[in-house]
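Enquirer: Before we start, here is the structure in question, set down as structure tokens.
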Amino acid sequence: MDWTGREIVLGVTGGIAAYKSAEIVSRLRHLGAHVHVIMTKNATEFVSPLTFQTLSANQVVKDTFAAPEYWNVEHVALAKLAEVFVIAPATANILAKMAAGIADDMLSTTVLATKAPVLAAPAMNTGMWTAAATQQNVRTLQSRGVRFCGPDSGLLACGDSGAGRMSEPEEIVKAIEAILRRKQDCAGLRILVTAGATRERLDPVRFLSNDSSGKMGFAIAEAARDRGADVTVVYGNVSVPVPAGIRAIPIESAMDLYETMLREAPAHDAVIQAAAVADYRAEQVSGEKIKKKQGEKWTLTLVENPDIAAAVGKIKKPGQVFAGFAAETEHLQEHAAAKLRKKNLDFIVANDVTRPGAGFNVDTNIASILTETDVTDYPLQSKRELAEEILNRILKIRAGGQSDAD
Ligand code: PMT
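Last residue of the sequence shown: 707 (my numbering), numbering continuous.
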């Protein structure tokens, strides 16, 4: 990869591993990148700013109490300049501030303002790393697209042994390279994804629903976002956080989804329906909690919900790619093929939800992608990996190819 002139901002926080960050700067400079270092006040206690200034051949931005006017100019400039924003070492403190959106010094202010991909290389004592608060912060940051490199396990500066060592500079530089190499092949595309489970109300406290967690739909939305698409996700009930950097529209019932999709679909280049939608809803929704009648059976009358995918398929625009899912428990390909035709889909992702590691509420899936002309089987893989395959397929169709063999 040609690193010449690539703009890397490196945030250094206060930990003993700060000395290793000097090597990151040195390696990046050697490759030809421009490196801009921001040090927290605590970081300057561990390593002299002069070290980073000399290695980066740039002024080091430090926290000074000269603050507001200086910050306004400098933090926005670096936030905009960064192609990758690296924080190494990343202490528990900076992770907590980033998760909470706290901007009380130069580094936290700049990282909050940046639109660049952020890579954190944590370094801290094992107890701090495994603390529930830190792990929660890491999950929050990951759900917003922050990437992590490490930490590694080994002997720590405090004498403990365990997870918490900052990754080696070589690994961190590799992680930066992976981000810079990332495909932006969905840039300029508007992609609409549905995720999660619809809920069909029976009364104010009861509903009919299903086991969808939103993981599959959100994995597609995240992958599309990371590949540069402008993403809208319409989501029902989910058990994982809604991804950041995405326009998100919550819905409850199939009827809500129906209205939202008819409104939103025409403005998108690709539509992927991964939500698990109820085929039926209660004919009568009680305004009050339905009382139990001792010894009596409760007969519920259900009426059919509209087939949302079929309705979207009817208004499909030329050039628009339309994909659906089929959640099956038997005759997977036969049923999926029927849905492909009925809903006017370009392709359907069929998953047998009875297979271990596939379907509802797991991080993996086993799927087949069916078009009018071919079937491609995908073995057990993460939902994110399957999401990438789905996006590849969309791009291939847009480029004029139908099948995987094209
Ligand atoms: O969310 P996760 O826990 O990660 O689980 C993922 C998943 C199992 C929900 C996902 O992989 C999946 O299979 N989604 C489709 C679920 C579903 O509703 O399948 P279906 O075979 O009943 O419907 C076929 C297609 O028509 C789907 O694209 C569905 O969104 C759509 N549909 C269904 C009913 C309806 N009334 N309108 C629709 O548009």
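Don't be surprised by glycine CBs; every beta carbon is placed ideally from N, CA and C.
Source: prediction; values computed, not measured.
(1) Spatial neighbours of Thr665 within its chain, please: CB distance less than 6 Å, with the 5 preceding and 5 following residues excluded, ordered by chain position.
(2) For ligand 1, I want to know if Lys644 counts as a neighbour, meaning its beta carbon is within less than 7 Å of at least one of the ligand's heavy atoms.
(3) Apart from the five residues on each side of it in sequence, which residues of its chain come closer than 7 Å, Cβ to Cβ, to Ala575?
(4) Please report the distance separating the alpha-carbon of Ile573 from that of Tyr581.
(5) Which of the three DSSP states, helix, strand or coil, is assigned to Glu689?
(6) Less than 7 Å separating the Cβ of Asp580 from some heavy atom of ligand 1?
(7) Any contact of the stretch 379 to 394 with the stretch 474 to 492, i.e. 3+ C-beta pairs under 8 Å?
(8) Looking at C-alpha atoms only, which residue of Val310, Ala319, Arg328 is the closest neighbour of Ile339?
(9) Taking all protein chains shown into account, do 16 or more other C-beta atoms lie within 10 angstroms of the C-beta of Arg528, making it buried, or fewer, making it exposed?
(10) From which residue to which residue does the beta strand (DSSP E) around Gln682 run?
(11) By DSSP, does Glu478 sit in helix, in strand, or in coil?
(12) Specify whether the stretch 460 to 478 and the stretch 495 to 509 touch according to this definition: at least 3 beta carbon pairs, one from each stretch, less than 8 Å apart.
(13) Using the Cβ count rule (16 or more neighbours within 10 Å means buried), how would you classify Ser514?
(14) Work out the CA separation of Leu692 and Gly312 for me, nearest whole Å.
(15) Ordered along the chain, which non-local residues of its own chain (more than five positions away) have a Cβ less than 8 Å from that of His569?
(16) Look up Thr561 in the DSSP assignment and say whether it is helix, strand or coil.
(17) Between the C-alpha atoms of Asn652 and Asp678, what's the straight-line distance to the nearest angstrom?
(18) DSSP state of Phe626, grouped into three classes?
(19) Using 7 Å as the cut-off, classify the Cβ of Val654 as near or not near the heavy atoms of ligand 1, replying yes or no.
(20) Say yes only if the C-beta of Phe717 is nearer than 7 Å to one or more non-hydrogen atoms of ligand 1, and no if none qualify.
(21) State the CB to CB distance for the pair Arg466 and Ala417, rounded to an integer number of angstroms; the pair is presumed to be in contact (CB under 8 Å).
Expert: According to the structure shown:
(1) On the sequence shown, residue 665 is found 364 positions in, with the first residue counted as 1. Counting only Cβ-Cβ distances below 6 Å, and skipping sequence neighbours, we find Gly658, Leu681, Ser683.
(2) On the sequence shown, position 343 is the one that residue 644 refers to. Checking every heavy atom of ligand 1 against the Cβ of Lys644, one is found closer than 7 Å.
(3) On the sequence shown, residue 575 is found 274 positions in, with the first residue counted as 1. These residues qualify, in order along the chain: Val494, Thr495, Ala496, Met517, Gly518, Ile521, Phe626.
(4) To locate residue 573, count along the sequence shown from 1; it is residue 272. To locate residue 581, count along the sequence shown from 1; it is residue 280. Cα to Cα, Ile573 sits roughly 21 Å from Tyr581.
(5) Position 388 of the sequence shown, counted from the first residue, corresponds to residue 689. Glu689: helix per DSSP, three-state reduction.
(6) Counted from its first residue, the sequence shown places residue 580 at position 279. Correct: Asp580 has its Cβ closer than 7 Å to ligand 1.
(7) yes
(8) Mapped onto the sequence shown, residue 339 falls at position 38. Ranking the options by Cα distance to Ile339, first place goes to Val310.
(9) Position 227 of the sequence shown, counted from the start, is the residue given in the question as residue 528. Flag for Arg528 reads buried.
(10) Start at 1 with the first residue of the sequence shown, and residue 682 comes out as number 381. Here the beta strand (DSSP E) through Gln682 covers 676 to 683.
(11) The sequence position of residue 478 within the sequence shown is 177, counting from 1. Helix at Glu478.
(12) no
(13) Numbered from 1 along the sequence shown, position 213 holds the residue referred to as residue 514. Ser514 should be labelled buried.
(14) Position 11 of the sequence shown, counted from the start, is the residue given in the question as residue 312. Position 391 of the sequence shown, counted from the start, is the residue given in the question as residue 692. Between Gly312 and Leu692, the C-alpha separation is close to 33 Å.
(15) In the sequence shown, counting from the first residue as 1, residue 569 sits at position 268. Arg491, Ile492, Leu493, Thr533, Gln621.
(16) Counting from 1 along the sequence shown, the entry for residue 561 is found at position 260. Note: Thr561 maps to helix in three-state DSSP.
(17) Locating residue 652 in the sequence shown gives position 351, where the first residue counts as 1. Locating residue 678 in the sequence shown gives position 377, where the first residue counts as 1. One C-alpha to the other measures close to 10 Å.
(18) Reading the sequence shown from its first residue, position 325 is the one you call residue 626. Strand.
(19) Translated into positions along the sequence shown, residue 654 becomes position 353. Yes, the beta carbon of Val654 sits closer than 7 Å to at least one heavy atom of ligand 1.
(20) As shown, the chain starts at 302 and ends at 707. That puts residue 717 outside it, with no answer to give.
(21) Here the question's residue 466 lines up with position 165 in the sequence shown. Here the question's residue 417 lines up with position 116 in the sequence shown. In fact, because the Cβ distance is near 26 Å, the residues do not count as touching under 8 Å.
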